[in-house]
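Residue numbering for the sequence shown is 0 to 544, as defined by numbering that gives the first Met the number 0.
No residue lacks a Cβ here, since even glycine has one placed at the ideal position from N, Cα and C.
For reference, the structure is listed below as structure tokens.
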Amino acid sequence: MTTLDEEPLLDGDEIQGNIVPGFLKPHMAVLALGLDRDRIPLMRRWCHAIASEVTALSTVMRTREHVRALEHQRAEAKLSALRGPTVGAALALSDVLGDVRDVWLSVAFSRPALQALLPDGQSDSIAAFTDPAFQLGMTARSTSLGDPADPTAEGHHSTWKVRDPDILLVIGADDEGDLGDYLGELRPELARHGFGVVYEELGHKLDAIGSEHFGFQDGVSQPGVRGRYGQNADFLTPRYVADIAGQRPECWLYGLPGQHLVWPGEFVFGYPGQGSDPLLRGDERLPGPHWSRNGSYLAFRRLRQDVPAFRAFLEESARRLLPWEITAQKIGADVVGRWPSGAPVARTPGKDIPELGVDRLRNDYFEFGSDARALVLTNGETTDRDHPDADADPIGLICPQFAHIRKVNPRTAASDVGGRMASFTRRILRRGLPYGPVYDQDPDADRGLLFLSYQTSIVDQFEFLNRQWMGDYANPRSPGDHDMLVGQNGQPGQHRLRQCAVPTAGGTTLAAVRDFVIPTGGGYFFTPSITALREVLGAPDAGAP
0 MTTLDEEPLL DGDEIQGNIV PGFLKPHMAV LALGLDRDRI PLMRRWCHAI
50 ASEVTALSTV MRTREHVRAL EHQRAEAKLS ALRGPTVGAA LALSDVLGDV
100 RDVWLSVAFS RPALQALLPD GQSDSIAAFT DPAFQLGMTA RSTSLGDPAD
150 PTAEGHHSTW KVRDPDILLV IGADDEGDLG DYLGELRPEL ARHGFGVVYE
200 ELGHKLDAIG SEHFGFQDGV SQPGVRGRYG QNADFLTPRY VADIAGQRPE
250 CWLYGLPGQH LVWPGEFVFG YPGQGSDPLL RGDERLPGPH WSRNGSYLAF
300 RRLRQDVPAF RAFLEESARR LLPWEITAQK IGADVVGRWP SGAPVARTPG
350 KDIPELGVDR LRNDYFEFGS DARALVLTNG ETTDRDHPDA DADPIGLICP
400 QFAHIRKVNP RTAASDVGGR MASFTRRILR RGLPYGPVYD QDPDADRGLL
450 FLSYQTSIVD QFEFLNRQWM GDYANPRSPG DHDMLVGQNG QPGQHRLRQC
500 AVPTAGGTTL AAVRDFVIPT GGGYFFTPSI TALREVLGAP DAGAP
């Protein structure tokens with residue numbers, strides 16, 4: 000059993016808030032900076048000063064708790080309105096929610112940038128970072144991720160818009176105008192301290208449910224992070240499954256139903272990782288120098304999405320599967336593992352159920368390796384309210400093995416590297432947003448995803464998912480086929496063919512040579528604690544006058 004006291008207390012004033020619990024704002028800016036090696040002392044002073052502006056976990060959680068309280072009050076006001084009074088109170092509360100207008104900042108550094116900024120006597124500590132991908136950078140690792148090896152191909156690293164910059168700033172905001180104002184104040188400060196902005200791009204939510212450019216709700220299956228925070232030592236990830244007889248171990252395994260809880264050392268340096276059982280803490284993970292505690296690796300990928308190519312693939316596939324009356328929308332749902340609304344194929348294989356797709360208490364509750372039995376929630380409701388249960392699907396007859404959500408997270412199903420334990424140690428915290436206008440507004444525009452993920456091993460988490468699962472025909476379970484959505488077959492030329500066999504169409508094989516998601520930039524970074532930013536990288540006596 001896992002109790003409140005057994006989960007570690009996270010340092011809420013040290014961990015940058017975009018790691019946990021995540022900014023999750025509707026507007027985002029990504030700025031990549033270059034260092035002027037002749038002005039390092041001035042840049043160190045910037046690190047010292049900017050530390051007070053970087054947003055900590057504790058700040059994000061205070062706002063999140065405030066919003067949850069307002070949402071609860073709004074729900075109560077709406078309920079009261081249904082009983083007789085006017086809806087004025089509910090509408091006023093909705094207006095209050097709109098007054099939350101934060102602008103939050105996160106800062107991360109490449110290995111060369113850390114090497115340059117570390118003061119005398121500390122520079123050797125860079126070798127303590129044990130992750131070879133971080134040491135080498137994304138450009139050097141590009142082809143091992145499955146990116147094209149042909150220098151003339153768009154996805155080849157020589158064509159990228161940004162390659163391994165020194166520093167990455169991520170700014171999240173509730174209001175687009177506030178974000179613009181903040182950037183207007185930030186740019187001259189960066190220039191004054193010797194930084195060059197080598198790349199800048201804005202991301203934004205495309206619609207109310209958080210769809211990506213192919214039209215599917217994104218970000219549903221985020222892991223929950225175990226741990227406590229604050230003076231009251233509350234759970235970082237709220238628990239929604241009632242702790243009653245007959246619901247164990249589910250009430251200890253989940254935050255939201257189906258949201259597996261993962262020990263924080265998989266994401267933040269200096270905390271216990273997964274143990275031999277999901278409920279047991281493992282060893283402390285500190286794969287870096289002593290000052291790396293409370294930090295995390297950040298992987299950034301600028302990914303262009305080829306919407307017309309993806310739509311053409313679905314339409315052509317539907318024509319091939321016409322005898323089985325399988326529509327383009329159904330093929331898309333199988334490729335993703337979810338319908339456009341976010342409703343999981345595992346719970347509703349025949350049609351989209353928009354109400355299920357946006358229901359956070361039910362849209363992620365399924366287990367490929369076992370039945371997802373109905374659970375009683377802390378609010379007294381059950382997970383099967385108005386929606387079908389998810390049956391066990393170990394070989395992929397309901398949700399195909401090639402579905403994107405299944406390729407990156409086998410859940411409780413066995414995989415090439417083990418069972419449930421293996422999938423827990425491969426999880427990442429995704430923090431990206433789309434960039435560019437929706438396709439139907441401007442078909443010729445550049446659009447895609449500003450992908451960001453946090454983890455304590457780039458090789459064993461981010462790169463593993465790309466190379467071993469998304470980019471491999473047989474894994475995580477054979478017969479599994481390719482991830483047709485995001486995966487890349489890392490072979491040269493026409494051998495980059497990706498294919499999948501549709502079980503509901505007699506195993507008919509669908510194929511594509513053209514990538515639908517193309518890398519156009521990126522880098523690997525370390526996101527330090529706020530104290531490390533101020534006192535190590537920004538040590539006042541670390542350079543000169």
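- For residue 301, the beta-bridge partners assigned by DSSP are 449 and 520.
- Inter-residue distance for residue 310 and residue 407 is about 22 Å (C-alpha atoms, whole angstroms).
- For residue 382, the closest C-alpha among the options 282, 246, 223 and 456 is that of 246.
- In the structure shown, residue 506 adopts coil according to DSSP, grouped into three states.
- In this structure, residue 451 sits near residue 297, with a CB-CB distance shorter than 8 Å.
- Between residue 153 and residue 517 a beta carbon distance of about 5 Å is seen, short of the 8 Å cut, so the two are scored as contacting.
- Annotated as proximal: residue 487 and residue 514, with beta-carbon spacing under 8 Å.
- In the structure shown, residue 38 falls within a helical segment according to DSSP collapsed to helix, strand and coil.
- For residue 398, the three-state secondary structure derived from DSSP is coil.
- Here residue 160 is not near residue 103, since their CB atoms are 8 Å or more apart.
- Looking only at 376, 331 and 364, the smallest Cα-Cα distance to residue 403 is reached by 331.
- Residues 290 of the same chain have their beta carbon placed closer than 6 Å to that of residue 531, with the five preceding and five following residues left out of the count.
- When rounded, the separation of the alpha-carbon atoms in residue 28 and residue 115 is 25 Å.
- Taking the Cα positions, residue 58 is about 7 Å away from residue 16.
- Below 8 Å, too few C-beta pairs join the segment 185–197 and the segment 419–432 to call them touching: fewer than three.
- Scanning 14, 8 and 6 for the CA closest to the CA of residue 295 turns up 14.
- Here residue 389 carries a strand assignment [DSSP, helix/strand/coil].
- Residue 280 is bridged by DSSP to 273.
- Here residue 483 carries a coil assignment [DSSP, helix/strand/coil].
- Residues of the same chain with a CB within less than 6 Å of the CB of residue 181, apart from the 5 flanking positions on each side, are 102 in chain order.
- Per DSSP, the continuous beta strand (DSSP E) segment holding residue 108 begins and ends at 102–108.
- Ranked by how close their Cα comes to the Cα of residue 173, the residues 275, 62, 414 and 211 have 62 in first place.
- Here the alpha carbon of residue 270 sits roughly 11 Å from the alpha carbon of residue 224.
- Along the segment 299–359, the alpha helix (DSSP H) occurs as fully enclosed runs of 4 or more residues at 306–319, 327–335 and 353–356, listed in sequence order.
- Within its own chain, the residues whose Cβ lies closer than 8 Å to the Cβ of residue 281, once the five positions on either side in sequence are excluded, are 262, 264, 271, 272, 273, 274 and 275, listed in chain order.
- Assigned with DSSP and collapsed to three states, residue 433 falls in strand.
- Under DSSP, no beta-bridge partner is assigned to residue 66.
- Taking residue 363 as reference, the option from 369, 376, 346 and 353 with the minimal CA-CA separation is 346.
- C-alpha of residue 348 to C-alpha of residue 388: approximately 11 Å in a straight line.
- The straight-line gap separating the alpha-carbon atoms of residue 254 and residue 236 is approximately 6 Å.
- According to the DSSP assignment, residue 166 belongs to the beta strand (DSSP E) that extends over 166–172.
- The alpha helix (DSSP H) runs of length 4 or more contained entirely in the segment 7–34 do not exist; there are none.
- Ranked by Cα distance from residue 210, the options 60, 498, 341 and 502 are led by 341.
- Three or more beta-carbon pairs separated by less than 8 Å are not found between the segment 29–40 and the segment 453–469, which leaves the two stretches without contact.
- Here residue 249 has 240 and 374 as same chain residues with Cβ atoms under 7 Å from its own Cβ, once five neighbours each way along the sequence are excluded.
- For residue 198, DSSP records a beta bridge to 31.
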